[in-house]
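Below is one structure, written out as structure tokens, with a few remarks after it.
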Amino acid sequence: MKLRAVNLMLLWRLSAVASFSPRSSSPSSNGVFYSTTQLLAKPKRGAIVDTYRTVSVNCNNCRQRLFRYKKKNGTKSNLIKCYVERIAEDSAGVLEQHAPVGTTKELDYSSIVQDLPMGHGFECPACGTQFARSAQIHGLPALKLVGGKVSMTKK
Ligand SMILES: [Zn+2]
Numbered sequence: 002m003k004l005r006a007v008n009l010m011l012l013w014r015l016s017a018v019a020s021f022s023p024r025s026s027s028p029s030s031n032g033v034f035y036s037t038t039q040l041l042a043k044p045k046r047g048a049i050v051d052t053y054r055t056v057s058v059n060c061n062n063c064r065q066r067l068f069r070y071k072k073k074n075g076t077k078s079n080l081i082k083c084y085v086e087r088i089a090e091d092s093a094g095v096l097e098q099h100a101p102v103g104t105t106k107e108l109d110y111s112s113i114v115q116d117l118p119m120g121h122g123f124e125c126p127a128c129g130t131q132f133a134r135s136a137q138i139h140g141l142p143a144l145k146l147v148g149g150k151v152s153m154t155k156k
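As numbered in the working numbering, residues 2 to 156 make up the sequence shown, in order.
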């Protein structure tokens, strides 16, 4: 019993030393940090998203409405990316024009974007301004918006 306690103490001291040495501490503490971040940043899906406010995403150049989008805090915070599955309405046909020719079933925006190459540019159909690129964010098909090219309005 006594020996075991000493061993545990020794182990504890060893691990304390290990975690204070810069070489071993940075990868291990980063590992913990990253997994926690990923857990927190994992995008919500399903019914909860339906409760989010719908905002209008508009071309900043010509004011054409591009999408109606389910956004958690409405227009309060900046729009940096759009998860494709949260796009409520493809108002200007930006996604629809990328649908495979001859699609008869209901359009699935996510699979349209997923089938495009990463970094594919999306343009405003009205004025031709590129406002986004296709991306995968936290494992979901998304549009990464180009800074300053879109503006948001309520509904
Ligand atoms: Zn435009």
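Note that CB positions come from ideal geometry on N, CA and C, so glycine has one too.
Asked	Found
Look up ALA136 in the DSSP assignment and give the residues it is bridged to.	ALA143
Examine ligand 1 and report whether any of its heavy atoms sits within less than 7 Å of the Cβ of ALA127.	yes
Pull up the distance between the alpha-carbon of PRO44 and that of LEU80, whole angstroms please.	15 Å
Would you tell me roughly how many angstroms separate the C-alpha atoms of LEU141 and PHE68, rounded to the nearest one?	18 Å
Tell me ARG177's beta-bridge partners as DSSP assigns them.	The first residue shown for the chain is 2 and the last is 156, placing residue 177 beyond what the model contains.
Could you check what DSSP says for GLU124 in three-state terms: helix, strand or coil?	strand
State the Cα-Cα distance for the pair SER57 and ALA93, rounded to the nearest angstrom.	11 Å
So, with DSSP's three-state summary, where would you put VAL50?	helix
Taking the straight line between their C-alpha atoms, what separation do you get for VAL102 and THR76?	35 Å
Whole angstroms are fine: how far does the CA of THR104 sit from the CA of LYS73?	31 Å
Under 7 Å: does the beta carbon of GLN65 sit that close to some heavy atom of ligand 1?	yes
Shortest alpha-carbon distance to ILE49 belongs to which of ARG87, LYS82, ALA133, CYS63?	ARG87
Return yes when the C-beta of THR154 is under 7 Å from any heavy atom of ligand 1, and no when it is not.	no
With distance defined between alpha-carbon atoms, name the residue in ASN61, SER111, HIS99 nearest to ARG46.	SER111
Nearest by alpha-carbon distance to GLN137: which of GLN131, ILE113, LEU108, LYS156 is it?	ILE113
In angstroms, rounded to a whole number, what distance separates the CA positions of LYS145 and ALA133?	5 Å
Go through its chain and collect everything with a Cβ distance to GLU90's Cβ below 6 Å, but skip five positions before and after it.	ARG69
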